[in-house]
Each structure stands twice: as C-alpha cells, then as structure tokens.
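K.L.:
Sequential numbering of the sequence shown, starting at 27, is according to my numbering. We put the CB at the ideal spot given by N, CA and C, even for glycine. Note that the coordinates shown come from a computational prediction; the quantities given were computed from them, not determined experimentally.
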Amino acid sequence: NTKMQKNIAEELYSRQLEQSDTFRSAFSSLYQSSTREVQYHGFSYTLQLNPARIKSSTADISKPLGQQSCFLCRCNMPEYQIKAECDSEFFISVNPYPILPRHLTIISHKHTPQTIHGHIASMLKLAADMPGMCVFYNSPKSGASAPFHCHLQAGLASELPAFRQIDSIRSRYAEKQAGGISLICGPTRRMAIIESPSISEAESQTTNILRQLGAISGNHEPEANIGAAFLGGLFRAIIFPRQLHRPWQYFADDPQKILISPGFAAMAGLIPCSRPCDYDRITHCDITSIMNQASISAENLLRIEI
27 NTKMQKNIAE ELYSRQLEQS DTFRSAFSSL YQSSTREVQY HGFSYTLQLN
77 PARIKSSTAD ISKPLGQQSC FLCRCNMPEY QIKAECDSEF FISVNPYPIL
127 PRHLTIISHK HTPQTIHGHI ASMLKLAADM PGMCVFYNSP KSGASAPFHC
177 HLQAGLASEL PAFRQIDSIR SRYAEKQAGG ISLICGPTRR MAIIESPSIS
227 EAESQTTNIL RQLGAISGNH EPEANIGAAF LGGLFRAIIF PRQLHRPWQY
277 FADDPQKILI SPGFAAMAGL IPCSRPCDYD RITHCDITSI MNQASISAEN
327 LLRIEI
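(1) Round the Cβ separation of Q269 and S323 to the nearest angstrom and send it over; I've been treating them as touching at under 8 Å.
(2) Hey, how far is the Cα of C299 from the Cα of S83?
(3) Should I286 and F162 be called a contact, given that it needs their Cβ atoms to be closer than 9 Å?
(4) Short of 6 Å in beta carbon distance, which residues of its chain neighbour D61, apart from the five on each side in sequence? Order them along the chain.
(5) Could you check where the alpha helix (DSSP H) with S134 kicks off and where it finishes?
(6) Starting from R79, trace the beta strand (DSSP E) in both directions and tell me its first and last residue.
(7) Below 8 Å on the Cβ atoms is my guess for G26 versus P127; work out the distance and round it to an integer in Å.
(8) How many angstroms separate the CA atom of L257 from the CA atom of Q94?
(9) Can you tell me the Cβ-Cβ gap for I133 and L98, rounded? I've got them flagged as a contact below 8 Å.
(10) From which residue to which residue does the beta strand (DSSP E) around E201 run?
(11) So the alpha helix (DSSP H) Y150 belongs to, where does it begin and stop?
(12) Any idea if Y57 is buried or exposed, counting beta-carbon neighbours within 10 angstroms, 16 or more meaning buried?
(13) Please check the pair L239 and P281, which I expect to be a contact at CB under 8 Å, by giving their CB distance rounded to whole angstroms.
(14) Helix, strand or coil, according to DSSP, for F290 in the structure here?
(15) Go through its chain and collect everything with a Cβ distance to A85's Cβ below 6 Å, but skip five positions before and after it.
(16) Give the single residue among I195, I34, G169 and I142 whose Cα lies nearest to the Cα of K81.
(17) Return the residue from the list S59, R215, I316 and R272 that minimises the CA-CA distance to E325.
(18) Tell me I118's beta-bridge partners as DSSP assigns them.
(19) In this structure, how does DSSP classify P267 when only helix, strand and coil are distinguished?
(20) Please report the distance separating the alpha-carbon of T141 from that of H177.
(21) Going by C-alpha to C-alpha distance, which of L152, P166, S70 and R100 sits closest to K89?
(22) Taking the beta strand (DSSP E) that T61 belongs to, which residues open and close that run?
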C-alpha cells in the first residue's frame with residue numbers, strides 16, 4: 027500500500043501495470059480501442075468500442091451483493107490489485123475495466139450503499155490532489171454498476187468532451203446564471219455547471235443543488251451523475267440530474283436494442299459501447315433520444331434556485 031500523494035493517479039497506475047499482466051492487457055486494449063465522433067447541436071460525443079464493459083452495462087442492480095461476495099470489498103479483491111490508502115473514508119485502486127486513461131476506483135472502506143451524502147468534500151479534495159483528473163459519482167439508479175458499495179471513480183478530464191466544451195455549452199444553452207453556477211438546457215442533456223476557485227464554495231454550491239434536486243424528486247438520494255475536476259485554477263463540477271436509469275432502447279428486442287446504460291462518462295460525452303453492432307450503428311438521433319430520456323426535464327432543472 028502507498029500513502030496519498032499529489033501524483034497518486036500516475037504512481038498507482040504505473041505500479042499496477044508493472045506488476046500485473048491483467049491490468050497491462052486491460053489498458054492496452056483501451057488504448058487500442060476504436061473511437062468515432064458524433065457532432066451536432068454544438069456538442070461532441072465520442073463513441074468508444076469497449077467489449078470489456080459488458081459486465082458494467084448489463085449489471086443487475088436489483089440483487090444487492092453482501093459483504094462476503096462484494097467485489098469492491100477489500101477482502102474480496104485479487105491479491106495482485108494494489109490498494110492505495112487515501113484517507114479514513116476511502117482507498118484507491120486501478121479500475122480493471124477502464125474507459126478512461128488512468129481510470130481509478132475510489133472505494134469506501136465500509137460496505138455501505140452508494141450515496142453522495144457526506145462525500146462531496148472528499149470528491150473535491152481528491153480533484154485538487156489530482157489536477158487534470160475528473161473525480162466522478164454515479165447514483166444508485168443512474169449508472170452505478172455496484173450500488174451496494176459506496177464508491178467514486180476518476181479518470182483524465184481531457185478525455186470527457188463536456189469538460190473540453192464547458193465554455194461553448196454555457197454560451198449556447200445557459201438558461202440561468204449566477205455566482206459561478208450555470209443551469210444548462212441543451213437539446214440533448216440538462217446539467218448544472220459550477221465553477222469556483224474555492225473548494226468550500228464549490229462544496230456549498232454542489233450541496234445546495236443536490237439538496238434541491240432531492241426535494242424536486244422527492245428522494246433523499248438525488249439521482250444524478252456528478253463529476254469534479256481542478257482545471258486552470260478552478261474547481262469545475264458538472265451535475266447531470268437524472269429522471270430515468272436506462273432508456274427504452276436498452277430493453278428493446280433486436281434490431282432496435284442498444285445496450286447503453288448511461289453513467290457519468292456517457293452523460294459527459296464519452297459513450298462506451300460493449301457491442302460492435304451498437305458502436306457501428308448509433309446515430310445522433312439515437313444519442314439525442316437516450317440522453318433526453320435520461321436527463322431531468324428543463325422545467326424541473328429550472329426550479330433550482332441559484
């Protein structure tokens with residue numbers, strides 16, 4: 027085990043690949059994977075052919091795993107998977123099924139259900155400790171493939187189109203703006219963007235938006251995909267409030283079936299496709315449909331007070 031350091035992502039990644047053929051193979055496959063761009067309405071989406079993600083995209087979240095069989099519990103992880111100490115709440119390991127360069131999983135020491143409550147400060151601190159990385163969270167019914175064990179993830183923010191396009195997205199589609207917060211009502215997705223040089227302000231603003239989303243939906247745990255990065259001296263957080271876990275295409279009979287269950291990466295514009303047939307045929311119309319189904323309505327987003 028290692029102690030938390032500024033270069034934790036690079037150090038952990040290098041050590042893990044040096045010591046394990048399994049992880050070398052996984053990241054080699056990622057770097058050789060096919061990608062293609064779909065651009066329209068001022069947005070860019072990247073489709074990524076990634077067959078290894080089939081376990082995540084087809085995860086049965088209706089059957090919670092107990093501590094004895096949970097693959098995120100430290101005692102059940104392979105011996106060759108390095109566990110780096112983070113803080114009293116989390117430890118970090120390299121994700122064995124990566125969709126992003128330097129893809130990490132940030133795992134609670136305790137086998138407790140997935141929740142964002144009490145973890146926003148940790149998310150932002152980790153983003154500050156790993157400049158250039160996006161630390162992200164998927165709610166239990168918004169892309170989390172392991173909702174039975176609390177965890178975050180991290181990967182290079184530069185690989186997520188939404189972070190590259192924040193300025194253009196805001197200039198085109200911001201409906202409400204105040205104090206570094208923008209509410210975005212685009213033709214595919216609705217989102218909240220928070221930008222602040224202060225970690226305490228970013229935490230307060232994120233907490234306030236999530237509290238309001240919980241009130242709007244009537245759920246204590248707001249369904250959302252949340253990502254934070256420290257870029258150019260600013261904490262930048264993107265919140266994608268959700269209204270649906272999986273689109274109708276996910277459950278359709280072939281040939282209409284598209285096996286995509288959007289998590290943060292997909293909502294942020296990087297869409298892993300576990301099946302070649304989906305990768306080859308997805309169009310901008312499919313993406314528009316899937317994202318619009320997943321995203322909160324513009325009416326409900328604009329109920330947020332900023």
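P.N.:
The short version:
(1) Contact flag correct, Cβ pair sits at about 7 Å.
(2) Here the C-alpha atom of C299 lies approximately 9 Å from the C-alpha atom of S83.
(3) For I286 and F162, no; Cβs fall outside 9 Å.
(4) Going by the sequence as given, residue 61 is Thr instead of Asp. Listed in chain order, the non-local C-beta contacts of T61 below 6 Å within the same chain comprise T72 and Q74, local neighbours out to five positions each way being set aside.
(5) S134 -> not in any alpha helix (DSSP H); beta strand (DSSP E) instead, spanning L130 to S134.
(6) Where R79 is concerned, there is no enclosing beta strand (DSSP E), given that its DSSP letter is neither H nor E.
(7) Outside the displayed span of the chain (27 to 332) sits residue 26, for which this structure offers no information.
(8) When rounded, the distance between both Cα atoms is 39 Å.
(9) Contact between I133 and L98 is confirmed by a C-beta separation of about 5 Å, below the 8 Å threshold.
(10) E201 -> beta strand (DSSP E) spans A200 to A204.
(11) Note on identity: in this sequence residue 150 is Leu, with Tyr being the wrong assignment. First-last of the alpha helix (DSSP H) with L150: I146 to D155.
(12) Result: exposed.
(13) Contact annotation, L239 with P281: C-beta distance approximately 36 Å; criterion of less than 8 Å not satisfied.
(14) In this structure, F290 counts as helix in the three-state DSSP scheme.
(15) Only S171 meet the Cβ criterion.
(16) The shortest C-alpha separation from K81 is found at G169.
(17) Distances from the alpha-carbon of E325 to those of S59, R215, I316 and R272 put R215 closest.
(18) In DSSP, I118 forms a bridge with A110 and I132.
(19) P267 falls in the strand class under three-state DSSP.
(20) Answer to the nearest angstrom: the Cα atoms are 8 Å apart.
(21) Selected option, being the one with the closest Cα: P166.
(22) If you look at T61, you'll find it in the beta strand (DSSP E) that goes T61 to Y66.
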